[in-house]
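J.: Letter by letter, the sequence shown follows residues 80 to 742 of the working numbering.
Virtual Cβ for every residue (Gly too), placed ideally from N, Cα, C.
The structure displayed is predicted, hence computed values, not measured ones.
Here it is, the structure in full.
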Amino acid sequence: MIAEIGHFALMLALVVALVQSILPMAGAARGNHSWMATAAPSAIVQFLCTAVAFGCLLYSFSVSDFTVINVAQNSNSLQPMIYKVSSTWGNHEGSMVLWVLILALFGGMVAMFGGNLPPTLKARTLSVQSMVAFGFLLFILATSNPFERLNPPPIDGRDLNPLLQDIGLALHPPMLYVGYVGFSISFSFAIAALIEGKVDAAWARWVRPWTLLAWIFLTAGILLGSWWAYYELGWGGWWYWDPVENASFMPWLVGTALLHSAIVVEKRDALKTWTILLAILTFSLSLIGTFLVRSGVLTSVHAFATDPERGVFILALLVIAIGGSLALYAWRAPALKGGGLFAPISREGSLILNNLLLTTACATVFIGTLYPLLLDAMTGDKISVGPPFFNATFVPLMIPLIIALGFGPMLSWKRSDLKGVVQRLQLALVLAAVVTAIAAYITWGRSIFGAIGLGLSGWLAASVLIEFGSRIGIGRASAGDVLRRAVGLPRAAWGMMLAHLGFAVLAAGATGASVWQDEAIQSIKPGDSITIANYEFTLRNVDNVRGPNYVAQRGVFTVKEDGTLVATLAPERRRYLVQGTDTTESAIYSNGIADLYAVLGEPQGQGRWIAKVYFKPLVPWIWIGGTIMVLGGIVSLTDRRLRVGAPTQKQAPTPASAPAPAE
């Protein structure tokens with residue numbers, strides 16, 4: 080009965096989405112306020128319907144209802160409850176229900192918190208949002224019913240993919256989806272603005288908090304996915320340029336450009352058509368990522384390789400959504416009036432450079448990800464585009480971006496003095512040179528690119544702190560005045576400082592982890608040792624252990640530096656009983672500056688095991704920096720100017736209601 084209620088709720092949501100797609104849009108075109116007023120309640124009802132459907136599916140997984148095919152294929156009674164819950168979205172059908180739930184959630188939030196939006200813009204935005212939801216609801220009901228029954232039901236289920244039975248993967252997809260799907264509301268605002276033919280500072284103020292919210296969750300989702308890959312897959316890497324990784328990274332790059340571009344629209348009433356295009360492209364890349372993951376064209380550890388019928392349906396949705404929005408943009412964008420003029424050396428100019436570098440970086444990732452697929456489809460030739468291509472094309476674009484990020488916030492709007500800014504940043508330049516020299520000296524004989532990367536990170540961190548210090552008057556005012564200025568500073572300024580500082584820390588971590596890593600792979604038996612980077616890893620013993628739905632061999636390594644015990648690591652090699660799948664569970668010791676990493680590999684007979692050990696300098700800074708970036712976004716989102724949005728315009732009093740002049 081619960082499954083049937085969920086199925087009915089999805090069908091009801093489809094009907095509501097159809098009404099919401101048509102009636103408010105028609106009302107905005109005709110000036111019919113009654114029709115436009117249906118947008119908000121329809122959005123709330125659509126959210127409630129999808130929430131009921133998701134709740135029914137979640138309940139079915141929680142109680143192990145194996146009469147539902149989806150539950151039988153993706154869960155097992157022995158799974159811990161956390162993984163029964165995460166099984167709800169750990170499959171194609173369930174993840175699509177989560178997708179439409181988030182679509183409806185963002186529409187519902189605009190309905191509830193968008194009271195100061197102009198009625199026509201609100202109606203059109205919610206209508207466009209519902210059009211997207213209607214397409215995906217139709218896709219679910221036509222090709223991916225999550226509530227289909229199984230008769231007779233099996234005694235137990237097939238279990239969730241063992242690689243997904245991890246807390247990182249329990250949290251990663253919901254975070255990622257809120258980011259992915261959250262950009263849909265920016266897309267809806269952009270399409271509504273194109274239809275109205277009006278983009279101004281107020282529009283940018285309304286769009287920014289929604290874009291920022293999606294960016295926060297997408298950043299957190301990518302960070303969690305990278306962390307999971309780092310410790311769960313046992314290969315010691317944090318990013319592999321996997322096509323599915325790229326599918327989430329591309330909208331992040333363009334979404335970051337959109338955040339910065341919207342600032343120019345809000346502050347200077349410029350870059351209107353460019354900002355609209357970025358809003359369209361960001362969500363379009365999210366849709367392309369959905370197609371890559373669910374069409375079966377990719378083979379990945381975290382892709383839903385499904386039948387071609389689903390891929391064709393999603394491809395049709397892509398053509399309608401992306402093609403239609405770009406056609407509307409080509410038709411309506413030329414009519415949008417431009418804004419204020421500015422010199423190349425200005426805050427606006429630096430933000431344009433930021434946008435160009437981010438979108439160019441996205442283009443390189445896009446080409447490297449899709450070119451092999453297109454070549455295979457057209458000629459049948461198969462090629463592999465991997466880390467060497469992306470490192471050679473993407474990384475060089477990050478160098479000028481980091482340099483520009485140091486200068487940009489110091490520049491004035493409209494026109495700025497570059498020489499004066501350089502003088503103010505002399506200390507940052509000196510610090511960058513010192514960091515580069517020290518890193519080169521310490522790592523002499525190894526790649527110089529690591530020292531350059533750390534120098535650039537030091538430059539950005541110092542520039543951010545100098546700019547922030549000048550804002551609050553450090554060196555010019557008393558300590559009390561500095562504190563008062565810091566407290567009174569807009570939270571968006573604090574958020575920008577934290578986000579840029581976090582990016583500097585992340586860049587340093589990525590540099591160290593990529594350039595200076597040491598690793599060793601050997602066949603050893605208990606009592607043998609492996610030495611890397613002055614650390615001695617000794618395998619003490621291997622024990623058999625049992626988990627709730629797996630058995631494992633657990634190795635115990637002691638790690639010493641110059642004879643002093645540093646850590647004891649206990650990696651595992653697990654076999655999940657239902658599917659008979661082997662996985663590795665790495666063991667990691669971190670001191671905040673470097674990680675010691677151990678993996679127990681395959682048995683070799685005669686008591687010997689393959690062991691992988693790594694020394695990873697600065698890799699913790701990747702997670703620290705990413706967390707600081709997310710924190711910066713959250714702090715910015717709490718800025719009252721973003722939470723309130725654009726002020727409601729007050730009508731001038733009519734002559735009849737104007738006060739009579741005093742006699």
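Mind the definition here: the region 408-424 touches the region 339-347 only if three or more C-beta pairs lie below 8 Å; say whether that holds.
T.: The region 408-424, when compared against the region 339-347, does touch it at the 8 Å Cβ threshold.
J.: What do you reckon, are the CB atoms on Leu437 and Thr335 nearer than 8 Å?
T.: Contact flag set, yes.
J.: Can you find the residues in the same chain that come closer than 8 Å, C-beta to C-beta, to Ile355, ignoring five residues on each side of it along the sequence?
T.: The answer, listed in chain order, is Ala269, Ala272, Leu273, Val278, Tyr408, Ala412, Leu415.
J.: Would you kindly report the start and end of the unbroken beta strand (DSSP E) that includes Lys695?
T.: Note, Lys695: beta strand (DSSP E), 687-696.
J.: Of all the alpha helix (DSSP H) runs that stay within the bounds of the region 515-564, which reach a length of 4 or more residues?
T.: As far as the region 515-564 is concerned, its whole alpha helix (DSSP H) runs of at least 4 residues are 527-551.
J.: Counting along the chain, where does the alpha helix (DSSP H) carrying Leu180 start and finish?
T.: Per DSSP, Leu180 belongs to the alpha helix (DSSP H) from 171-192.
J.: Just grab the DSSP bridge partners of Asp661 for me.
T.: Asp661 is bridged to Arg654.
J.: Using only the alpha-carbon positions, how far apart do Asn628 and Gln158 sit?
T.: The alpha-carbon atoms of Asn628 and Gln158 are separated by roughly 6 Å.
J.: Step through the CB atoms of chain C and report whether any lies within less than 8 Å of the CB of Leu91.
T.: Looking at the structure shown, chain C is missing, and only one protein chain is on hand.
J.: Where are the beta strand (DSSP E) runs, 3 residues long or more, that stay fully inside the region 138-167, in chain order?
T.: Those beta strand (DSSP E) runs which fall completely within the region 138-167 and span 3+ residues do not exist here.
J.: Which residues in the same chain as Trp306 place their Cβ atom closer than 7 Å to its Cβ, once the five residues preceding and following it in sequence are excluded?
T.: For Trp306, where only same-chain residues beyond five positions count, the Cβ hits under 7 Å are Gly247, Trp702.
J.: Helix or strand or just coil, what does DSSP make of Phe266?
T.: It is helical.
J.: DSSP on Thr610, reduced to helix/strand/coil?
T.: Reduced to three states, the DSSP call for Thr610 is strand.
J.: Report yes if the C-beta distance between Phe266 and Phe362 is below 8 Å; otherwise report no.
T.: Yes; because the gap between Cβ atoms is below 8 Å, this pair is in contact.
J.: For Leu436, name the three-state secondary structure that DSSP assigns.
T.: In this structure, Leu436 counts as helix in the three-state DSSP scheme.
J.: Report the three-state DSSP secondary structure of Gln601 (helix, strand or coil).
T.: Strand at Gln601.
J.: Classify His381 as buried or exposed, calling it buried when 16 or more other Cβ atoms lie within 10 Å of its own Cβ.
T.: Residue placement at His381 is poorly supported in this model, since its pLDDT is 48, which falls under 50; the coordinates are not used for a value here.
J.: What is the DSSP secondary structure of Glu324, reduced to helix, strand or coil?
T.: In this structure, Glu324 counts as helix in the three-state DSSP scheme.
J.: Comparing C-alpha positions only, which one of Phe262, Thr439, Val286 sits nearest to Lys201?
T.: With distances taken between Cα atoms, Lys201 lies closest to Val286.
J.: For the beta strand (DSSP E) containing Gly581, name the first residue and the last one.
T.: It is not in any beta strand (DSSP E) - Gly581 instead sits in the alpha helix (DSSP H) that spans 570-594.
J.: Look at the alpha carbon of Leu292 and the alpha carbon of Ile713, and state the distance between them as a whole number of angstroms.
T.: The alpha-carbon atoms of Leu292 and Ile713 are separated by roughly 8 Å.
J.: The alpha helix (DSSP H) with Arg284 in it runs from where to where?
T.: Arg284 -> alpha helix (DSSP H) spans 280-311.
J.: Looking at C-beta atoms only, is the number of pairs between the region 319-331 and the region 214-227 that lie closer than 8 Å three or more?
T.: Counting Cβ pairs under 8 Å, fewer than three are found: no touch.
J.: Which class does Val380 belong to by DSSP, given the choice of helix, strand or coil?
T.: Residue confidence is low: Val380 scores 47 on pLDDT, short of 50, so the model does not pin down where it sits. No coordinate-derived value is stated.
J.: Helix or strand or just coil, what does DSSP make of Pro233?
T.: Coil at Pro233, not helix or strand.
J.: Give the range of the alpha helix (DSSP H) segment to which Leu91 is assigned.
T.: 81-109 is the extent of the alpha helix (DSSP H) around Leu91.
J.: Looking at the strands, I want to know which residues DSSP matches up with Lys639.
T.: DSSP, once it has assigned bridges, lists Glu615, Leu644 as partnering Lys639.
J.: Assign Arg555 to buried or exposed, taking buried as 16 or more other Cβ atoms, counted over all protein chains shown, within 10 Å of its Cβ.
T.: Arg555 comes out exposed.
J.: Please report the distance separating the alpha-carbon of Val474 from that of Val561.
T.: One C-alpha to the other measures close to 38 Å.
J.: Whole angstroms is fine: what's the gap from Gly70's alpha carbon to Thr443's?
T.: Residue coverage of the chain in this structure runs from 80 to 742, which leaves residue 70 outside it and unanswerable.
J.: Going straight from the alpha carbon of Gly529 to that of Phe192, what length do you get?
T.: Whole-angstrom Cα-Cα distance: 47 Å.
J.: So, for Gln596: in the same chain, excluding its five sequence neighbours on each side, which residues have a beta-carbon less than 6 Å away from its beta-carbon?
T.: Result list for Gln596: Lys695, in chain order.
J.: Give every residue of the same chain whose Cβ lies closer than 6 Å to the Cβ of Gly487, excluding the five residues on either side of it in the sequence, and list them in chain order.
T.: Within the same chain, Gly487 has close Cβ partners Ser429.
J.: Which one or two residues does DSSP pair with Ser669 in a beta bridge?
T.: Partner(s): Asp674.
J.: Can the beta-carbon of Leu580 be found less than 8 Å from the beta-carbon of Ala541?
T.: No, they are not a contact pair.
J.: Just to confirm my understanding: we take Lys493, look at its own chain, exclude 5 residues before and 5 after, and list those with CB closer than 6 Å. What are they?
T.: Cβ within range, chain order: Phe421, Ser425.
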